[in-house]
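Q: The listed protein sequences correspond, in order, to chains A and B.
Under the working numbering, the first residue of the first sequence is numbered 41, with each subsequent residue one higher.
Under the working numbering, the first residue of the second sequence is numbered 217, with each subsequent residue one higher.
Note that CB positions come from ideal geometry on N, CA and C, so glycine has one too.
Okay, handing you the structure first.
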Amino acid sequence: MIAALALVAGIVLGLVFRPTVPNGLEPYLPIAVVAALDAVFGGVRARLDGIFDSKVFVVSFVSNVVVAALVVFLGDKLGVGGQLSTAVVVVLGIRIFGNAAAIRRHVFHA
Amino acid sequence: MSHEKPTGEQPGGKLAGLRGRHLRASALIGVLVLLLGFAIAIQVRTNSSGDALSNASETDLISILDDQDSRADRLRQQIAALQTTEQQLQASGSRDTVALQQAQQQAQALGVLLGTLPATGPGISMTITDPKHALKAADLLDVVEELRGAGAEAIQFGPIRVSTSSAFTDSTAGVQLDGQVVAPPYTVLAIGDGQTLQTAMEIPGGVAATARAAGGNADVQTQPTVDIGVVRSVPNPRYAKPAGR
């Protein structure tokens with residue numbers, strides 16, 4: 041409940057303040073967002089499974105974001121930034137879909 | 217199993233330390249998710265703000281740059297071609313203008329000579345009296361011939377502009393010029409070199425002498441400005457056509 045409210049509040053804040061992304065962070069923000077979404081979906085699934093742990097969620101959230109950004113950063117340095125970004129998005133996308141499927145089974149029993 | 221989880225979290229609140237830890241964790245999660253929402257909003261806005269180039273990869277940018285370069289090249293070539301066309305058109309336009317001016321000047325000169333345009337200039341005015349009506353068409357034709365011979369460029373005989381097709385004929389009603397009866401005294405206006413024209417009229421055995429022999433007189437006066445306002449209609453050749461140059 042708090043998380044959902046915080047998400048909405050964050051979106052509203054982002055829309056209200058209209059900050060510009062620093063140039064250095066620009067390539068990492070979308071990947072970080074996707075990674076964080078993966079963590080959030082995982083958290084929701086864990087909660088529905090009854091195995092939710094705040095510590096696990098916080099750690100997985102932060103590490104997901106950091107690792108994703110790190111991978112993209114490394115890819116940029118190696119000259120394969122675009123491909124690595126795609127790889128990260130694909131992997132995280134698959135995970136998000138898996139988690140979403142689990143959540144769906146819990147909510148709709150189907 | 218899924219119905220258990222809200223209660224599954226509750227037991228943590230039994231101890232004060234655990235409850236504090238739970239609150240802190242909730243706050244941390246809230247902050248993280250708030251940041252996530254914030255980032256999503258920023259990213260969505262950045263992406264939809266239209267500056268697609270800032271998100272494009274290096275290779276994409278290079279290909280876009282190549283596209284733009286080749287497009288600019290094509291446009292430059294088009295510009296050069298169009299400029300060439302423009303210069304050609306301007307050149308031909310000025311040629312056309314010159315040709316048109318020449319044609320207009322020619323038309324005006326021909327109009328003066330042909331009697332289709334009013335004319336003005338130095339010349340003579342002449343009054344030929346013929347109380348006995350003794351002057352025949354041939355004599356009056358001599359007047360015009362003499363004037364032409366002396367370089368008259370425009371001639372008005374009585375109320376009629378004399379042209380290339382003008383003809384004097386004798387009839388029972390008198391002398392006709394272009395089918396119109398002309399009666400003495402005859403007033404003749406001619407544009408040309410006044411002195412030459414006057415000399416030509418008064419040459420021995422010429423127009424003045426003929427008039428005097430017929431019992432009349434010819435009074436020639438040079439004028440600095442003679443206005444010939446009478447015009448003829450433009451002749452419309454029925455048979456002759458301009459031959460190709």
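Cβ of alanine 370 of chain B within 7 Å of Cβ of valine 328 of chain B?
A: On the second sequence, position 154 is the one that residue 370 of chain B refers to. On the second sequence, position 112 is the one that residue 328 of chain B refers to. Contact: yes.
Q: Check whether the region 295-303 of chain B and the region 385-404 of chain B touch, using three or more Cβ-Cβ pairs below 8 Å as the test.
A: no
Q: Report yes or no: is there a C-beta of chain A within less than 7 Å of the C-beta of isoleucine 295 of chain B?
A: Within the second sequence, residue 295 of chain B is the residue found at index 79, counting from 1. Not an interface residue.
Q: Going along chain A, which residues have a C-beta under 7 Å from leucine 248 of chain B?
A: Working through the second sequence from its first residue, we reach residue 248 of chain B at position 32. Within 7 Å Cβ-Cβ: Val98, Phe101.
Q: Using the DSSP secondary-structure output, state which residues sit across from leucine 393 of chain B in a beta bridge.
A: Within the second sequence, the letter at position 177 stands for residue 393 of chain B. Its beta-bridge partners are B:Phe384, B:Gln396.
Q: How far does the alpha helix (DSSP H) with threonine 412 of chain B in it reach, from first residue to last?
A: Position 196 of the second sequence, counted from the first residue, corresponds to residue 412 of chain B. Per DSSP, threonine 412 of chain B belongs to the alpha helix (DSSP H) from 410-417.
Q: Can you look up alanine 459 of chain B in the DSSP assignment and give me helix, strand or coil?
A: Indexing the second sequence from 1 puts residue 459 of chain B at position 243. Correct three-state label for alanine 459 of chain B: coil.
Q: Say yes only if the C-beta of arginine 135 of chain A is nearer than 6 Å to one or more non-hydrogen atoms of the ligand HEM, and no if none qualify.
A: Of ligands this structure carries none, so the ligand HEM is not represented either.
Q: Starting from serine 286 of chain B, trace the alpha helix (DSSP H) in both directions and tell me its first and last residue.
A: Along the second sequence, one-based indexing puts residue 286 of chain B at 70. Counting along the chain, the alpha helix (DSSP H) containing serine 286 of chain B begins and ends at 274-330.
Q: Closest Cβ-Cβ distance between glycine 253 of chain B and chain A: below 7 Å?
A: Position 37 of the second sequence, counting from 1, holds the residue named residue 253 of chain B. Yes, contact with chain A.
Q: Is the Cβ-Cβ distance between leucine 413 of chain B and alanine 366 of chain B less than 7 Å?
A: Within the second sequence, the letter at position 197 stands for residue 413 of chain B. Within the second sequence, the letter at position 150 stands for residue 366 of chain B. For leucine 413 of chain B and alanine 366 of chain B, yes; Cβs fall inside 7 Å.
Q: Are three or more beta carbon pairs between the region 344-361 of chain B and the region 376-393 of chain B nearer than 8 Å?
A: yes
Q: Candidates B:His238, B:Arg235, B:Leu250: which alpha carbon is nearest valine 48 of chain A's?
A: Here residue 48 of chain A refers to the residue found at position 8 of the first sequence. Residue B:Leu250 is the option with its Cα nearest to valine 48 of chain A.
Q: Can you check DSSP and say which residues form a bridge with tyrosine 402 of chain B?
A: Along the second sequence, read from residue 1 onward, the residue named residue 402 of chain B stands at position 186. Answer is B:Ile344, bridged to tyrosine 402 of chain B.
Q: Does the beta carbon of glycine 54 of chain A sit closer than 7 Å to a beta carbon anywhere in chain B?
A: For the purposes of this step, residue 54 of chain A is taken as residue 14 along the first sequence, with counting starting at 1. Chain B, which has a Cβ nearer than 7 Å to the Cβ of glycine 54 of chain A, makes this yes.
Q: Does isoleucine 258 of chain B get closer than 7 Å to chain A when you measure Cβ to Cβ?
A: Looking up residue 258 of chain B in the second sequence gives position 42. Closer than 7 Å to some Cβ of chain A, the Cβ of isoleucine 258 of chain B qualifies, so yes.
Q: Checking 7 Å against the spacing of the C-beta atoms, do proline 338 of chain B and proline 440 of chain B come in under that value?
A: For the purposes of this step, residue 338 of chain B is taken as residue 122 along the second sequence, with counting starting at 1. For the purposes of this step, residue 440 of chain B is taken as residue 224 along the second sequence, with counting starting at 1. Contact flag set, yes.
Q: Note down, in chain order, every chain B residue with its Cβ under 7 Å from the Cβ of leucine 48 of chain A.
A: Residue numbering aside, residue 48 of chain A sits at position 8 when the first sequence is read from its first letter. The amino acid at residue 48 of chain A is misidentified as leucine; the sequence shows valine. Near valine 48 of chain A (Cβ distances below 7 Å), the residues of chain B are Gly253.
Q: Between the Cα of glutamine 259 of chain B and the Cα atoms of A:Ala86, A:Phe81, A:Ser103, A:Arg58, which residue gives the shortest distance?
A: As a first step, residue 259 of chain B is located in the second sequence; it is residue number 43 there, counting from the start. If we check each option's Cα against that of glutamine 259 of chain B, A:Arg58 comes out closest.
Q: Under the three-state reduction of DSSP, which class applies to arginine 454 of chain B: helix, strand or coil?
A: Residue 454 of chain B sits at position 238 when you count from the first residue of the second sequence. In the structure shown, arginine 454 of chain B sits in coil (DSSP, three-state: anything other than H, G, I, E or B).
Q: Going straight from the alpha carbon of serine 218 of chain B to that of serine 242 of chain B, what length do you get?
A: Counting from 1 along the second sequence, the entry for residue 218 of chain B is found at position 2. Counting from 1 along the second sequence, the entry for residue 242 of chain B is found at position 26. With a pLDDT of 39 at serine 218 of chain B, under the threshold of 50, the predicted position of this residue should be treated as unreliable, and no value is reported.
Q: Would you say valine 120 of chain A and isoleucine 71 of chain A are within 7 Å of each other, going by their C-beta atoms?
A: If you number the first sequence from 1, residue 120 of chain A lands on position 80. If you number the first sequence from 1, residue 71 of chain A lands on position 31. For valine 120 of chain A and isoleucine 71 of chain A, no; Cβs fall outside 7 Å.
Q: At a Cβ cut of 8 Å, what residues of the region 107-131 of chain A count as close to chain B, listed as they run along the chain?
A: Flagged, chain order: Gly121, Gly122.
Q: Rounded to whole angstroms, what is the Cα-Cα separation between serine 279 of chain B and isoleucine 51 of chain A?
A: For the purposes of this step, residue 279 of chain B is identified with residue 63 of the second sequence, where counting begins at 1. For the purposes of this step, residue 51 of chain A is identified with residue 11 of the first sequence, where counting begins at 1. Between serine 279 of chain B and isoleucine 51 of chain A, the C-alpha separation is close to 35 Å.
Q: Is there contact here, the region 281-294 of chain B with the region 75-87 of chain A, by at least three beta-carbon pairs under 8 Å?
A: no
Q: For chain A, check one thing: does any of its Cβ atoms lie closer than 7 Å to the Cβ of serine 242 of chain B?
A: For the purposes of this step, residue 242 of chain B is taken as residue 26 along the second sequence, with counting starting at 1. Judged by the 7 Å Cβ criterion, serine 242 of chain B is in contact with chain A.
Q: Kindly say whether isoleucine 278 of chain B, judged by its beta-carbon, lies nearer than 7 Å to any beta-carbon of chain A.
A: To locate residue 278 of chain B, count along the second sequence from 1; it is residue 62. No, isoleucine 278 of chain B does not count as interfacial toward chain A.
Q: Is there at least one Cβ from chain C nearer than 7 Å to leucine 69 of chain A's Cβ?
A: No chain C is part of this structure, whose protein chains are labelled A and B.
Q: Would leucine 73 of chain A pass as a contact of isoleucine 256 of chain B if the rule is Cβ separation under 7 Å?
A: Residue numbering aside, residue 73 of chain A sits at position 33 when the first sequence is read from its first letter. Residue numbering aside, residue 256 of chain B sits at position 40 when the second sequence is read from its first letter. Correcting the residue identity first, residue 73 of chain A is valine in this sequence and not leucine. Yes, the Cβ-Cβ distance between valine 73 of chain A and isoleucine 256 of chain B is below 7 Å.
Q: Quick one: Cα of glutamine 317 of chain B to Cα of threonine 380 of chain B, how far?
A: Here residue 317 of chain B is taken as the residue at index 101 of the second sequence, counted from 1. Here residue 380 of chain B is taken as the residue at index 164 of the second sequence, counted from 1. Going from the Cα of glutamine 317 of chain B to the Cα of threonine 380 of chain B covers about 25 Å.
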